[in-house]
Amino acid sequence: TGYFSEVNISQLPANDVSDYVILRVSVKQLSAGSVGIATNYEVDKGMGVEGHIDDNNFFGQGYRARLAAGFGRHAVQNYTFSVEDPYFLGSPISAGFDLQKTHLEDGSLDINDESAAVRMIVPITESISTSFKYDLRFLQYGAISEKEKIPSIYTTLIEHGKFSSHSISQSIIYNTLDNPIVPRKGMLISSSYDYAGFGGDSQYHRIGSRASYFYLLSDDSDIVGSLRFGYGCVIPSNKNLQLFDQFSVSSNYYLRG
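To convert, take the position in the sequence shown, counting from 1, and add 4; that gives the working numbering.
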C-alpha cells in the first residue's frame, strides 16, 4: 500500500464455526511525514530559504499534505498549503486543493498575490493521464515610495486596486519517469489549455507545452543528463492582456513566448 513496511496475516480458530474465517492482520506503519529546509542563491535574486512539512498519511486517511514557507531577498514571503487524495472516493482519480500567498517588495512596488485552486487528475493508461483545474487568484499592487518614482506602467495597476482572476485549465500528461522527485530516466511531456474570462479582470486563451527527458549517464557515479523544452502562447480575448497574465522569463515555460 505504500504506508506499511510489514503486513502479517494469520488465521485464528473459528470455535468450530465452519462458515466463518477469522483473520488477524498485524501491520508496521512506515514513517509518513518529513521535514526539510533548503537554501538557494541566484545572482539576480540573492539568497533564499524554504522549509516544508510533508505528511503522506494526513488524518490517517492516506491523504498527502504539504505546508511550506519561503523567505528571500526583496522581502519575499511565500506560503503554500496543499492536500491531495490519491484515491478520491476509492477510485484511481487523484483530487486535491492548493492555497498560496506571496508577498514581494520589488523596487518601489509592493505586490500581494493570493490564490486557491482545486484540481483533479484522471489516469487514462499507465503512462497517460489528464488533469483539470480551477484557479481563483487575487493580486494587488501597492507603492512603497512616492508615485512619481514608479514607472507609469505600474501606476495604473496601483490605482486599480485588487485584481481578481478566474481560470480553468485542462492538460494531457505523458509520464514515464522512474521517480517523480529525483528522476534518473524517462520522459515527461505535458500539453495544456487555460481559459480565463468568466468573471474577474483576466480574459485570455493560453496554450503551452513542456517536455523533459532524463537519461542515466553513469550508474556508479549517479550522473544524470537531461533535456528540457517549453513553449507557451497567450491570446487575449478582449484585446487587452493584463501585465501579470503575460509570459515572463521566470515563468514555468522554458522558452519565452
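Each residue gets a CB set at the ideal place from its N, CA and C atoms; glycine is no exception. This one's a predicted model, so the numbers in the text were calculated from it and none came from an experiment.
Spanning the alpha carbons of ARG68 and ASP89 requires a straight line of approximately 6 angstroms.
Assignment of beta-bridge partners to THR84 by DSSP yields ALA72, GLN104. With a beta-carbon spacing of about 11 angstroms, SER169 and ALA121 fall beyond the 8 angstroms limit used to define contacts.
Proximity of the segment 155 to 162 to the segment 95 to 110 falls short of the contact definition, fewer than three beta-carbon pairs being nearer than 8 angstroms.
DSSP places GLU163 in the uninterrupted alpha helix (DSSP H) bounded by 156 to 164.
In the structure shown, PHE251 adopts coil according to DSSP, grouped into three states. Contact between ASN82 and ALA73 holds: their C-beta atoms lie close to 7 angstroms from each other, under 8 angstroms. As the crow flies, the alpha-carbon of ASP198 is around 18 angstroms from that of PHE167. Less than 9 angstroms divides the Cβ of LYS105 from the Cβ of SER119. Beta-bridge partners of ARG28 (DSSP): SER14.
9 angstroms or more divides the Cβ of ASN179 from the Cβ of GLN207. Contact holds between the segment 188 to 196 and the segment 209 to 226, because three or more Cβ pairs, one in each stretch, are under 8 angstroms apart. Around TYR138, the same chain offers VAL122, ILE172 as residues with beta carbons nearer than 6 angstroms, after the five sequence neighbours per side are excluded. If you check the CB distance, ILE125 and ILE177 come in under 9 angstroms.
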